[in-house]
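Only one structure is covered here, and it is reproduced in the block below.
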Amino acid sequence: MPIPTRPVYREPHPVRTVPLLAGLGAGSVWFALFGSIGRDLLSYAWWTIAAAISAWVVALVLGFIGDRGVAVGAALASGLGLSIAAGFVGARWITTADWPLW
Numbered sequence: 001m002p003i004p005t006r007p008v009y010r011e012p013h014p015v016r017t018v019p020l021l022a023g024l025g026a027g028s029v030w031f032a033l034f035g036s037i038g039r040d041l042l043s044y045a046w047w048t049i050a051a052a053i054s055a056w057v058v059a060l061v062l063g064f065i066g067d068r069g070v071a072v073g074a075a076l077a078s079g080l081g082l083s084i085a086a087g088f089v090g091a092r093w094i095t096t097a098d099w100p101l102w
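Numbering-wise (our numbering), the sequence shown opens with residue 1 and increments by one.
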């Protein structure tokens, strides 16, 4: 009697390195372009929030119907860009005791 083989579970659409880096690069350029529109911290933070929301929408669409590696890279860039903006906002809030987004 043959021994049953164990099942092999594989990801149907694996995330590869090159598409992930392409998404990370595209997301970084996206945030650099949106961040360069801002003239001060207030406008920089709001433009970064707008860039993050649009990048999340693109990442969701890419995750469902496109390349998931690029979606992961764009989401990573989005999280990093938003974290940098939040750090600047938090630093200004701590040093001046004034919330800079209003």
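C-beta: ideal position from N, C-alpha, C; glycine also.
Problem - Host alpha helix (DSSP H) of Trp30 (start-end) - result: Thr17 to Ile37 is the extent of the alpha helix (DSSP H) around Trp30.
Handout entry: Contacting residues, own chain, Cβ-Cβ under 7 Å from Val58 (five flanking each side not counted)
Key = Around Val58: Ala74.
Practice task
Less than 8 Å between the CB atoms is what I'm expecting for Ser28 and Ala77, so what's the real figure, rounded?
Solution key: Right, the Cβ-Cβ distance comes to about 5 Å (below 8 Å), so this counts as a contact.
Practice task
Classify Tyr44 as helix, strand or coil using the three-state DSSP reduction.
Solution key: In the three-state reduction of the DSSP assignment, Tyr44 falls in the helix class.
Practice task
Report all residues from its chain with a CB closer than 7 Å to the CB of Val72; omit the five preceding and five following residues, and keep chain order.
Solution key: The residues are Val15, Leu20 and Gly23.
Handout entry: Three-state secondary structure assigned by DSSP to Trp99
Key = Reduced to three states, the DSSP call for Trp99 is coil.
Problem - Proximal residues to Phe31 (C-beta, below 6 Å), its chain only, five neighbours per side dropped - result: Contacts found: Ala51 and Gly81.
Exercise for the section: Report the three-state DSSP secondary structure of Arg68 (helix, strand or coil). Expected result: DSSP places Arg68 in helix when its eight states are reduced to three.
Problem - Leu60 and Val70 closer than 8 Å at C-beta - result: No, Cβ-Cβ distance for Leu60 and Val70 is not below 8 Å.
Practice task
Within its chain, find whatever has a CB closer than 8 Å to the CB of Leu101; leave out the 5 residues flanking it on each side and keep chain order.
Solution key: Result list for Leu101: Leu42, Ala45, Trp46 and Val89, in chain order.
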